[in-house]
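Below is one structure, written out as structure tokens; the observations come after it.
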Amino acid sequence: MHEALQYRKNDDGSVTCSLCSHRCTIRDGKHGICGVRRNEKGTLSAETYGRISAEAIDPIEKKPLFHYLPGTLSYSLGGIGCNFHCEHCQNWHISRSPIEGARLRDLAPDEGVRRAVAGGCKSISWTYNEPTIWHEYTLDMGTIARTKGLGTIYVTNGYITEEALRDLAPMLGAFRVDIKAFTDDFYKKVCGAHLQPVLDSAVLARELGMHIETVTLVIPGLNDGMDEMDSLIRWVIGHLGPDTPMHFSAFHPDYQMLDRGATPVATLEKIYRRAKELGLKYPYTGNVYKPELENTYCPTCGTTLIERRGFASRLVALDGRQCRNCGETIEIVRNVT
Ligand code: SF4
């Protein structure tokens, strides 16, 4: 058994987990909402420590991360379980998998780092399912990874608590956070969660020095209203800064959300244009073939700095972090120390 961090023992034998904002109180023998943290006779067990469901070497652009080590490969790992229960989950086969009977392989933290380096990767991403619920494992692997000069990435729903995020701060380089909508109603109905803790963790991640990019899956009829998008973009500009890359991605029917069609390209184009009008420097579209809306342009002179085609990217006019044409400094991480 691998004892969890971030919980307290209660007098009645239950435990209260403080890893994510559900803050589950769990009776003996039971799991929390995420399905992978279990009370074993008054001790909280992190049941998926060192156990993986998926392993791949991906272009970092696939996360998507466009301003963190662009043009490099990221060693990517997933486990099982999730603290959200989104109706449209694209990875439901692992996020909703019960731990009993799950097909998992063992991978020690130091072996994960060795494989990342051997694979020519510049970073490790915990992705595919929610990394918050893999806290102790990512913390151990990430701490080793930093000693080898690797970047470290959470692809996350952002439901982590302040205390857990502070645990990660010494090792976590990038916080690629979903802001799935900008209403609490959406979070309650679609994800079984709340909006505010996500916003709070994004602000804290920035304060702690992590690189942040946001992703919003634009779902027809659920979160695609322009008033809502305006509010979201204004919030990001005001709280995370106008340099924050925001990705607006097309929805495709999946899992339990089959009652609506894919997001029209025109909707994403409209949001992209609106984000620029509001002063966001780096909006991007995703899940549609619109290379001109996935390139990075200098916000001062408009020069194309990075060209993207699918997950391939080419740095065409960046010297370090400077625009080659006008010298503007671009908010982008080229190296990690
Ligand atoms: S990580 Fe979140 S969902 Fe899982 S047991 Fe802890 S508080 Fe509950």
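Read in our numbering, the sequence shown has 43 at position 44, and its numbers run on one by one without any break. For glycine and all other residues, C-beta sits at the position ideal for the given N, C-alpha and C.
Original post:
So Ile128 and Ile79 are in contact, right, with Cβ under 8 Å, and what is the actual spacing, rounded?
Top reply: Here residue 128 turns out to be Asn, not Ile, going by the sequence shown. About 6 Å separates the CB atoms of Asn128 and Ile79; that is less than 8 Å, so the two are in contact.
Subject >> Nearest residue (CA-CA) to Lys29, options Asp226, Arg37 and Cys297 >> reply: Arg37
Original post:
What is the rounded straight-line gap between the Cα of Tyr6 and the Cα of Ile25?
Top reply: 10 Å
Subject >> Cβ neighbours of Leu317 in the same chain (closer than 6 Å, five flanking residues each side left out) >> reply: Cβ neighbours of Leu317 beyond the five flanking positions: Leu304.
Original post:
If we count the other Cβ atoms within 10 Å of its Cβ and call it buried at 16 or more, is Gly224 buried or exposed?
Top reply: exposed
**OP:** Give the straight-line distance between the Cα atoms of His238 and Thr299, rounded to the nearest whole angstrom.
**Re:** Near 22 Å, if we compare the C-alpha coordinates of Thr299 and His238.
Subject >> Sequence-distant residues of the same chain with beta carbon closer than 7 Å to Pro290, five excluded per side >> reply: Arg307 and Arg308
Original post:
Does the region 235 to 251 come close enough to the region 157 to 173 to have 3 or more Cβ pairs within less than 8 Å?
Top reply: Using a Cβ-Cβ distance cut-off of 8 Å, the region 235 to 251 and the region 157 to 173 are not in contact, since fewer than three pairs of beta carbons, one from each stretch, lie closer than that value.
**OP:** Express the C-alpha separation of Ile98 and Arg145 in angstroms, rounding to a whole number.
**Re:** 30 Å
Original post:
Where the beta carbon is closer than 5 Å to any heavy atom of the ligand SF4, which residues qualify, in chain order?
Top reply: Cys16, Leu18, Cys19, His21, Cys23, Gly31, Ile32, Cys33, Arg36, Asn82 and Ile132
Original post:
So, is Ile232 buried or exposed, given that buried needs 16 or more other C-beta atoms within 10 angstroms?
Top reply: buried
**OP:** May I ask you to report which of helix, strand or coil DSSP gives Met225?
**Re:** helix
Original post:
Do the CB positions of His84 and Cys190 come within less than 8 Å of each other?
Top reply: Closer than 8 Å, so yes.
**OP:** Quick one: measure Cβ to Cβ for Leu149 and Ser124, integer angstroms, because I've assumed they're closer than 8 Å.
**Re:** That pair is no contact at about 10 Å.
Original post:
Grouping DSSP H, G and I as helix and E and B as strand, with all else coil, what is Arg102?
Top reply: coil
Original post:
Helix or strand or just coil, what does DSSP make of Asp177?
Top reply: strand
**OP:** Report yes if the CB atom of Leu194 is closer than 8 Å to the CB atom of Cys120, and no otherwise.
**Re:** no
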